[in-house]
Structure formats: structure tokens, C-alpha cells
Amino acid sequence: MQIRSGHFSDDRPCRAHRGLKEGGAQVSGPTKTNLLDVARKAGVSQTTVSRYFNEPGKIREETRKRISQAIAELDFVPSMTARTLAMSRSHTIGAIVPTFDHALFARELNDMADQLSKAGYALLIASDQYEPGQETDLVRTMIGRNVDGLLLVGLEREPGIYDLLDRRGVPYVTTWTIDREVSRPQVGADKFAAAHEIADHLLDLGHQRFAVIEFPVANNDRARTRLRGFRTAIEERGLSLPNEVVFEEPPTYEAGGRILRSILQSDAPPTALLCGTDVFAIGALLEAKRLGLNLPAEISISGFDNLPIASLLDPPLTTIDLAVRETGQLAARYLLRKIEGVDPPSISVPRHELILGGSTGRPGR
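So for the sequence shown, the working numbering puts the first residue at 1122; every next one is plus one.
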């Protein structure tokens, strides 16, 4: 179980702390500094300093800069305890992701943290390591820390978690999986549609024999949704995707290379390899280059995620962009509106994009 504090932009060092009463104090170094000290230093009223924390959008930019400078010079840190007692809020949002190792989660959380910081909220992040039991413990920990809202990844989790959040009145939003038949708040690209589209691309090129490398599907509805999208597209063309050519692996470059070597040894090797993440695809592509294969004539390889390195490969990787940063922003906006008592739309689906690279082409055999 891992838990970390979120980060904030350097030009907004204190906007993540809101809800202070006028005159609220905080120990800063060996002496106590309060809002009155900040107000005097900045040449404004205590009311203005309080508004700086509570409603930063209502303060003129010039005044904000003066207050920010005074805060920095006085080394003032607002009291979270005083803020929580005064406003009945912690001004902290929790986020639980499966891992800190995947770049996509980092990109989502970065933009979420930035959006929250602008509204005066901190982001507290934790990793459950793909373990449902750990996620349950972390949800309880987040509630115990009095978070005002919670981001979760995927729709499936241990029984009782949603009921617990509802009973405690904690707004939440799920990301990375969209199921319009499930009445829960969801934000994220449609992975089924995205997987279907990239498989269609390879089918349109003339491929008929496929293999798939995917995350382990147990406790991972995102992986199951992608696999269902791949399989549906293939079966709609009258073809099949036997279980024998679907490989479930932890997301590593080594797994991508190893599976590529394995499928090439079969009597009728696949002409296209669909990967559930760019990590698999990059490992497979590098191994294909090491083996001296002609890409994409001898084998086409597609990814899923559009990691920054994908366009720098030789050949560039065909992949799916999942609008990850927009997902983080939309999730933050949803939670902020729920906290303010607004009832926003329960499902937001940013548009994914098929990124065509040189790693896919017509089969040469």
C-alpha cells in the first residue's frame, strides 16, 4: 500500500489551502504567523487575505501577487486543522490508482492536480498495486483523512465500497472504464470503441491472423473491455481470436519481446500483434528489430496509450491516444461541482484518437 501527497504548481504555492477563518494562525518555524501578519505585509485587509484562500478567483492578479509574496517572505503555512473545522471541509481530494509505474496514471493525476490546485484543493494519491483488498483499505483511509472527494480507477471493486462512500456522503468519480448501463459517475475514453477501431484498422489492411498481449484480466475491467473490443471487431469480419493467441502478462517490455518470439515460432504465425499497452508493443517492436524482421511487412504491431516515446520509435508506433489529460481535468471538474452541490452529467467521454505510425501495414505473407 502506498500513499503520497499530490504536487502543486510553483506559481500557486498556497492556493491548495483554503477555508481559513480571518485571523486563523499557523506555526511557521519558531514563531506563529497569522492572517493579520500576511495582511499587513501585503498592505491589504484580513478579509482580502481570507478571500485569497477561499475564493482566489475574486482577487485581482496584482493583489494576488502581493499576497503570495508576503506569504513566501513570512513562510506562512495555513492550518489545515483550522481550515477543516471552519469550513467542514479538508479541501483535499483523494485518488487511488493501480500503480505509480504507468506513465498514463501520472499524466492523468498531473492534470487533475493542476485543475484542483486552481480551485484551492490538494490532491492525495495512493496505489493499490492492482489488489482489490488494498483498494478497500485505502478507501477507508481516505475517508478517515476526511477527503472531500475521491477518484477511483475502473468500475469493479469489492462489494460495499460504493455503499460506504454513499453512506459517508463522499462524492466519487470512476475513470478509465465507460459502461453506459452502469449508473455511476464515469469519466474516460471508450476503451471498447478504441480497441475496436484499432483492430478494424488492421483488418482493413488485410490481416486475418492475430495475436493479443493484454494485462491480466482478473480484477481489471479495463483489460477485459479492450480484449472484448479487439475480439468483437475480428469476429464481425467472420474471423476468430482463439484463446491460444491471447496472452495475459504484467506490463513490461520483456513480456512484449518474449511473446513476439513465441508467436513467430508457430506453424502459421500471426501477421498482426494487438497490444493492450504501448509497453508491450515497444518491447515487441524492439525485439522484431533485433531479429532483423521487416516491419510492417513481416508483422504489424499496434499499441494502446500513445506514450510520448511511441512517435520516436523506428518505425513510429500505431497506437490509440486516450485523451488522458482531458480525463484528469474532467474528473477534477466533476468532483468540484459535486462538492459545491451541483449535479453534473454522470458520464463524460473524451474522444480517443487512432494514431497511425509505420508499425502497421499490409501483410507481406
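We put the CB at the ideal spot given by N, CA and C, even for glycine.
Please read all numbers here as calculations on a predicted model, not as lab measurements.
Span separating the alpha-carbon of residue i from that of residue j
| i | j | result |
| --- | --- | --- |
| Glu1182 | Ile1192 | 15 angstroms |
| Ile1460 | Gly1290 | 10 angstroms |
| Phe1174 | Arg1458 | 18 angstroms |
| Leu1482 | Asn1231 | A small correction: the amino acid at residue 1482 is Gly; Leu does not occupy that position in the sequence shown. Their backbone Cα atoms lie some 35 angstroms apart in a straight line. |
| Gly1281 | Glu1229 | 26 angstroms |
| Arg1343 | Trp1297 | 7 angstroms |
| Thr1169 | Asp1435 | 56 angstroms |
| Leu1245 | Glu1419 | 47 angstroms |
| Ser1171 | Ala1240 | 14 angstroms |
| Asp1269 | Leu1237 | 12 angstroms |
| Pro1177 | Arg1185 | 8 angstroms |
| Thr1295 | Pro1337 | 20 angstroms |
| Gln1307 | Ile1214 | 16 angstroms |
| Val1400 | Leu1381 | 13 angstroms |
| Gly1485 | Tyr1242 | 55 angstroms |
| Asp1196 | Asp1235 | 22 angstroms |
| Arg1278 | Asn1415 | 43 angstroms |
| Phe1313 | Asp1464 | 27 angstroms |
| Arg1288 | Gly1254 | 20 angstroms |
| Gly1309 | Val1165 | 43 angstroms |
| Arg1161 | Arg1266 | 33 angstroms |
| Leu1438 | Cys1396 | 11 angstroms |
| Glu1375 | Ala1402 | 10 angstroms |
| Met1233 | Leu1225 | 12 angstroms |
| Val1445 | Leu1475 | 14 angstroms |
| Ala1339 | Leu1412 | 33 angstroms |
| Asn1364 | Gln1250 | 26 angstroms |
| Leu1433 | Gly1462 | 45 angstroms |
| Ala1452 | Ser1387 | 45 angstroms |
| Pro1371 | Val1303 | 28 angstroms |
| Arg1347 | Thr1257 | 25 angstroms |
| Ala1163 | Arg1210 | 27 angstroms |
| Arg1094 | Glu1194 | Outside the modelled stretch of the chain, which goes from 1122 to 1486, sits residue 1094, for which no answer is possible. |
| Pro1417 | Glu1356 | 23 angstroms |
| Thr1373 | Thr1262 | 30 angstroms |
Extent of the continuous beta strand (DSSP E) run through residue i
| i | result |
| --- | --- |
| Gly1270 | Gly1270 to Val1274 |
| Leu1156 | Taken as a continuous stretch (DSSP letters only), Leu1156 belongs to no beta strand (DSSP E), being part of the alpha helix (DSSP H) at Leu1156 to Ala1163. |
| Leu1414 | Unbroken run through Leu1414: none, as it is neither H nor E. |
| Val1260 | Run containing Val1260: none in the beta strand (DSSP E); it sits in the alpha helix (DSSP H), Pro1253 to Gly1265. |
| Thr1440 | Thr1440 to Asp1442 |
| Leu1475 | Glu1474 to Ile1476 |
Inter-residue CB distance, residue i and residue j (contact presumed, cutoff 8 angstroms)
| i | j | result |
| --- | --- | --- |
| Ala1354 | Asp1321 | 5 angstroms |
| Ala1389 | Arg1454 | So it is not a contact: roughly 50 angstroms between Cβ atoms. |
| Ala1216 | Leu1272 | 4 angstroms |
| Leu1406 | Ser1480 | 6 angstroms |
| Ile1319 | Phe1425 | 7 angstroms |
| Leu1360 | Phe1351 | That belief does not hold up - the Cβ atoms of Leu1360 and Phe1351 are roughly 11 angstroms apart, past 8 angstroms. |
| Pro1219 | Ser1248 | 7 angstroms |
| Ile1422 | Leu1443 | No, Ile1422 and Leu1443 are not in contact; Cβ-Cβ is about 18 angstroms, not under 8 angstroms. |
| Gly1377 | Ile1430 | Between Ile1430 and Gly1377 the Cβ distance is about 13 angstroms, and since that is not below 8 angstroms, they are no contact. |
| His1473 | Asp1311 | 7 angstroms |
| Thr1448 | Pro1466 | That belief does not hold up - the Cβ atoms of Thr1448 and Pro1466 are roughly 15 angstroms apart, past 8 angstroms. |
| Thr1392 | His1328 | 5 angstroms |
Paired residues, beta bridge with residue i - DSSP
| i | result |
| --- | --- |
| Ser1432 | None, per the DSSP bridge assignment. |
| Tyr1293 | Leu1271 |
| Asn1340 | The partner list for Asn1340 (beta bridge, DSSP) is empty, contrary to what the question assumes. |
| Ala1332 | Leu1394 |
| Arg1468 | First, the residue type needs correcting, since residue 1468 is Ile and not Arg in the sequence shown. DSSP, once it has assigned bridges, lists Gln1307 as partnering Ile1468. |
| Asp1284 | DSSP lists no partner for Asp1284. |
| Asp1426 | Asp1442 |
Residue i: first and last residue of the uninterrupted alpha helix (DSSP H) it sits in
| i | result |
| --- | --- |
| Ala1393 | Unbroken run through Ala1393 is the beta strand (DSSP E), Ala1393 to Cys1396; no alpha helix (DSSP H). |
| Glu1318 | Lys1312 to Asp1325 |
| Glu1229 | Ala1224 to Lys1239 |
| Ser1166 | Looking at the DSSP string, Ser1166 is not in any alpha helix (DSSP H), and its letter there is neither H nor E. |
| Ser1421 | Ser1421 -> not in any alpha helix (DSSP H); beta strand (DSSP E) instead, spanning Ser1421 to Ser1423. |
| Glu1183 | Glu1182 to Leu1195 |
| Gln1450 | Val1445 to Ile1460 |
Heavy atom of the ligand HEM within 8 angstroms of residue i beta-carbon
| i | result |
| --- | --- |
| Asp1222 | The ligand HEM is not part of this structure, which contains no ligands at all. |
Runs of alpha helix (DSSP H) wholly within the region 1357-1381 (minimum 4 residues, chain order): none
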